[in-house]
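Worksheet for the structure shown next.
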Amino acid sequence: MIDRLTAEDQVMLAASAAWPQDIGVLAVIDGTRLVDATGRLQLDRIRALVESRLHRVHRFRQVIRTPRRWLGPPLWVDVPTIDLRQHVRELSLEAGADERSLLVAVERLRSRPLDPGRPRWEMWFLTGLPHRRVGLFVKIHHAVADGLAAMEILKAFFDRSPAAANGPWVIRTPEPMPSTCALLLDNAARQFGGIARTIAGLLQLRRTAERLHLAWPAVRELLADRPGPRTSLDRVIGPARLTAVVRAPYLQVRRIGRAEGASVNDVLLAITAGGLRALLQSRGESVDGLAMRIFVPVTLRHRLHATESGTQIAQMVVPLPVGEADPRRRLRRITAETTRRKGRVRTSLGSLFGGRLVRGLLLKAVIRQRVNVASTSIPGPARPLFFAGARVLEVVPLIALIGNVPLGIAAVSYAGEWRIGIVADRDAVPDLQVFVAGMREDLRALSGEAAAIVAA
């Protein structure tokens, strides 16, 4: 079977020409078992472990090929061999490097485009951190996986026990590139299938109209609402990035949510609104009555397996009441809004609006809506994971920016902790620390209020 890119993956691939669409995870590992007696990273042993697990993630053994005209959209093709020296690498930081140095190094690695001639992923081991800790930065193109799928992919290389065995190696024979004739026939079948579905829809006009009627509120939310307010954040992003991390105990965040009948994602949106409020006020901009909208991905997957790949999400747009000064009232308003919007039927816009030209116009329509912030909340493992016998101490997700979205916030729960990775366009948000301080202040305020409510 010819493995074509989905419509969503093609959108990510096209967008990466202007804005790198590489998502990532930064993990900090207790490196005691990853270094030898001299303190050098055992890179050969690490590469051997990665090689023994590659059969679990087929996208890590494939490249994207774009065939000639009339042969259909891009497809995934197996590579004959993989040179792990190009995918699993080490970057030495200065001895005693702090978190700021680590984040700067990660952003430098993120700015390097992935080689389209190789599978689109990299693992970087960053040494030089205090207490023999090692940073692990995993970089994956968005066409390979969305946030949920990326977390499942990582589990293929992590273990639940430090003593986990690799098991027998599985050697897969690469499939050859499909022939021109096979591509032509497959594309013709796809085109005729699309025509057949269109005709079937026309013959069942009532059912088609009902489906469009159900999907329209979500489509309008993304494309046809009145554009968001103009702020200093409304600008097309450049290539440079800044990164920051916010930390909290996961039980504390859940307690905040329970106190107000909110989800963990609602808490993330509430403190994001607090950060935006602090940022805009510090710039002398009025926030009275201000409501800024934010992209929140909604998964279209019914189930998730380690072999899942690609982008299968729809976007929900949520108004954030930045003008609301009280963090608790702000959280309540966001919870009511997300509850209402979660009931809307959502579908993939990439598949709803097919064709390269239409998808390009679709992206421009989204940009015109002036939604300048994106966020995602990912549930992670409740118990610690291990890599090559070494304990993973923390995990920080990092999402890609696109268009006029200069702020991306991603949170993950892991082993009782909650980590928020914040990525910002350096030109649009040079004062990122003001935003981070506002998030932390709101988190402290909500934590205290939640504790008081629980005690009462």
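Each residue of the sequence shown is one higher than the one before, starting from 751 at the first, in my numbering. Glycine is no exception: its CB is placed at the ideal position from the N, C-alpha and C atoms. All values derive from a computational prediction rather than experimental measurement.
For residue j and residue i, the rounded distance between their alpha carbons
i: residue 1143; j: residue 822; result: 45 Å
i: residue 745; j: residue 979; result: Residue 745 is absent from the structure shown; the chain starts at 751 and stops at 1206.
i: residue 897; j: residue 1145; result: 13 Å
i: residue 904; j: residue 875; result: 15 Å
i: residue 1056; j: residue 989; result: The predicted position of residue 1056 is uncertain, since its pLDDT is 48 and thus under 50; a value taken from the coordinates is nonetheless stated next. Taking the straight line from one Cα to the other gives about 32 Å.
i: residue 921; j: residue 801; result: 10 Å
i: residue 1205; j: residue 1005; result: Bear in mind that a pLDDT of 41 at residue 1205, under 50, signals an unreliable position, so the number given afterwards is only what the model happens to contain. One C-alpha to the other measures close to 11 Å.
i: residue 910; j: residue 933; result: 42 Å
i: residue 1012; j: residue 846; result: 40 Å
i: residue 873; j: residue 863; result: 14 Å
i: residue 923; j: residue 830; result: 8 Å
i: residue 1065; j: residue 1032; result: 30 Å
i: residue 1048; j: residue 816; result: 29 Å
i: residue 1175; j: residue 798; result: 36 Å
i: residue 892; j: residue 757; result: 13 Å
i: residue 767; j: residue 1148; result: 19 Å
i: residue 848; j: residue 1070; result: 34 Å
i: residue 1081; j: residue 1087; result: 10 Å
i: residue 1290; j: residue 826; result: The requested residue 1290 does not occur in the structure, where the chain is confined to residues 751 to 1206.
i: residue 854; j: residue 751; result: 43 Å
Reduced DSSP category for residue i - H, G, I as helix; E, B as strand; rest coil
i: residue 1130; result: coil
i: residue 1066; result: strand
i: residue 1125; result: strand
i: residue 1031; result: helix
i: residue 1057; result: Caution is warranted here: a pLDDT of 49 is assigned to residue 1057, below 50, making its placement in the model unreliable, and no coordinate value can be reported.
i: residue 1023; result: helix
i: residue 844; result: coil
i: residue 1163; result: strand
i: residue 812; result: strand
i: residue 805; result: helix
i: residue 891; result: strand
i: residue 1005; result: helix
i: residue 1185; result: helix
i: residue 983; result: coil
i: residue 1045; result: strand
i: residue 1014; result: helix
i: residue 827; result: strand
i: residue 1176; result: coil
Where the alpha helix (DSSP H) through residue i begins and ends
i: residue 925; result: Run containing residue 925: none; DSSP gives neither H nor E here.
i: residue 762; result: 757–765
i: residue 789; result: Run containing residue 789: none; DSSP gives neither H nor E here.
Burial state of residue i (16 or more Cβ within 10 Å)
i: residue 820; result: exposed
i: residue 1125; result: buried
i: residue 1085; result: buried
i: residue 777; result: buried
i: residue 901; result: buried
i: residue 1024; result: buried
i: residue 942; result: exposed
i: residue 818; result: exposed
i: residue 760; result: buried
i: residue 1038; result: exposed
i: residue 1153; result: buried
i: residue 998; result: buried
i: residue 881; result: exposed
i: residue 877; result: buried
8 Å Cβ cutoff, residue i in contact with chain D
i: residue 858; result: This model lacks chain D altogether, as it is built from one protein chain only.
Anticipated Cβ contact below 8 Å, residue i with residue j, distance rounded
i: residue 784; j: residue 884; result: 6 Å
i: residue 1196; j: residue 1078; result: 7 Å
i: residue 807; j: residue 906; result: 5 Å
i: residue 981; j: residue 1030; result: 6 Å
i: residue 1157; j: residue 1186; result: Between residue 1186 and residue 1157 the Cβ distance is about 11 Å, and since that is not below 8 Å, they are no contact.
i: residue 813; j: residue 770; result: Their Cβ separation, rounded to whole angstroms, is 17 Å, which puts residue 813 and residue 770 out of contact at 8 Å.
i: residue 779; j: residue 1140; result: 5 Å
i: residue 762; j: residue 1021; result: Their Cβ separation, rounded to whole angstroms, is 28 Å, which puts residue 762 and residue 1021 out of contact at 8 Å.
i: residue 1075; j: residue 772; result: Not quite, the Cβ-Cβ distance comes to about 37 Å (not below 8 Å), so this is no contact.
Closer than 7 Å: residue i CB and nearest the ligand PLP heavy atom
i: residue 1149; result: This structure simply doesn't include the ligand PLP, nor any ligand for that matter.
Enclosing beta strand (DSSP E) for residue i [first to last residue]
i: residue 1148; result: 1140–1148
i: residue 999; result: 991–999
i: residue 877; result: 871–877
i: residue 777; result: 772–780
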